[in-house]
Each structure stands twice: as C-alpha cells, then as structure tokens.
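> Before I ask anything, here is the structure I am working with.
Residue numbers (this note's numbering): 177 to 384.
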C-alpha cells in the first residue's frame, strides 16, 4: 500500500490532481484545501496518502498534513459517508473548525457545506466515534511523529469556564455537551460571573 508520495504538482484533475513522482504521474483525490497547498507549492512536496482498494479501482487519497488524513479516516467510518463525501467535508471546513463544530454539535455549520446536506451533517455529528475524535482527537505533527493532544480541550477557555466544564462532566454530562452549555452560559451571564454562576446557568440549559 502507498502511504506517502513526494513529487511535483503536475496539474488538476476532477476531484484532485496529478503528482509527478520521478516521471510517473499519480492521480490523487484530495480536498480543496490540500489542492490549494499543492498548487501553491514550489518544487517537490510530500503528500500523505490513504490507499483504498475497491472492486473496480485502487484510489489514492492525498493529504497535505497528517491532521487532515486522521479526520478523513474518522469520517469514512460514518455510515453513508464515503471517501468522496469525506473530502467534501474537508473542503468546506478546516480540521480544527470541523472538530469544534462536531464537539459543540453545531449542525447548522456542517449543513452549510456545499454538497453535504443536512441529513449527512446530522449523521456525522450524532456518530459517537466522531464525537470521540473531535473531543480528544490525535493531531500528529506534519511529519507523522505523533504529538497527541486533546483537540477540543485545547480550544476550551481557561479559568472558570474550564472548571465549570469539569464540574458538569463529573455530574455525568458528556464533555461536548458541557462545553457547549458553558460557552453559551458565558455569553448570557457575562465575563464577571464566577464559577458558581456559570455552573448554575449551564445546568438550567442542560435540564431543558
């Protein structure tokens, strides 16, 4: 299986591009974001590859970085979200924005991705594996060495908000729900509200 290619951008094809590797052109399916990076690259560039073998073809999916490849791997595990639709999602949102939208169950944000649709957006957000990926996703460095961090936790605000989220999780709420509730509560009660006020307002929303 091919896991990585190093070559030069040799032109666009529908849904991807051709990468010239020592005179051999590899057809890669890729997101619009990866395509933009490949198009702008000068000289040789390394592309991470996810090889998929079908009955009628061998498809090479190319990614400019490991974070996008990990997101792709998570997306294709969702029922009815195949490789093509996964690339549509990754064309519409950056990996960080996708993780945040899933963690906060921002259905409207996903539904606005051109070519995705509300039903598929809901399926992605409701998939437990996608929630797990979004909240504690691995974000390997571009070289694949694998510095793992808690993706959405890195986006979580410090101080009282982080403590409020932890308190709600300890009470039995799922972290994505707790994060979303605390974020909205902060907007209602203002920056001056302390931990107790944040928790109280968040609980009111979660109890609805």
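All C-beta atoms, glycine included, are put in the ideal place defined by N, C-alpha and C.
(1) Would you kindly check if the distance between the Cβ of residue 181 and the Cβ of residue 235 is under 8 Å?
(2) Can you tell me which of 207, 215, 209 and 191 puts its alpha carbon nearest to the alpha carbon of residue 184?
(3) Determine, for residue 242, whether the minimum Cβ-Cβ distance to residues of chain C falls below 8 Å.
(4) So for residue 185, helix, strand or coil by DSSP?
(5) Taking all protein chains shown into account, decide if residue 306 is buried (16 or more other Cβ within 10 angstroms of its Cβ) or exposed.
(6) My understanding is that residue 378 touches residue 361, with C-beta atoms under 8 Å, so please give their C-beta distance in whole angstroms.
(7) Is residue 200 buried or exposed, if buried means 16 or more other CB atoms sit within 10 Å of its CB?
(8) Which value, in whole angstroms, describes the spacing of the CA atoms of residue 266 and residue 354?
(9) Can you list, in chain order, the residues of its chain with a C-beta nearer than 7 Å to that of residue 245? Leave out the 5 residues immediately preceding and following it.
(10) With H, G and I counted as helix, E and B as strand and the rest as coil, what does DSSP make of residue 237?
(11) Just verifying my parser: in three-state terms, what is the DSSP assignment at residue 222?
Once the coordinates are examined:
(1) Sequence index remark: in the chain shown, residue 235 carries index 59 (1-based). Sequence index remark: in the chain shown, residue 181 carries index 5 (1-based). In this structure, residue 181 does not lie closer than 8 Å to residue 235 by Cβ.
(2) Against the chain shown, residue 184 aligns to sequence position 8. A check of alpha carbon separations from residue 184 across 207, 215, 209 and 191 identifies 215 as the nearest.
(3) The chain inventory of the structure shown lacks chain C, comprising one protein chain alone.
(4) Locating residue 185 in the chain shown gives position 9, where the first residue counts as 1. Secondary structure of residue 185 (DSSP, three-state): strand.
(5) As a working note, residue 306 is residue 130 in the chain shown. Buried, by the Cβ-count rule.
(6) As a first step, residue 378 is located in the chain shown; it is residue number 202 there, counting from the start. As a first step, residue 361 is located in the chain shown; it is residue number 185 there, counting from the start. That pair is a contact at about 4 Å.
(7) Numbered from its first residue, the chain shown carries residue 200 at position 24. The Cβ neighbour count for residue 200, taken over all protein chains shown within 10 Å, is under 16; the residue is labelled exposed.
(8) Indexing the chain shown from 1 puts residue 266 at position 90. Indexing the chain shown from 1 puts residue 354 at position 178. Rounded to whole angstroms, residue 266 to residue 354 spans 26 Å at the Cα level.
(9) Taking the chain shown and counting its residues from 1, the one referred to as residue 245 is at position 69. Same-chain partners within the cutoff: 224, 226 and 239.
(10) Here residue 237 refers to the residue found at position 61 of the chain shown. DSSP, read as helix, strand or coil, puts residue 237 in strand.
(11) Numbered from 1 along the chain shown, position 46 holds the residue referred to as residue 222. Strand.
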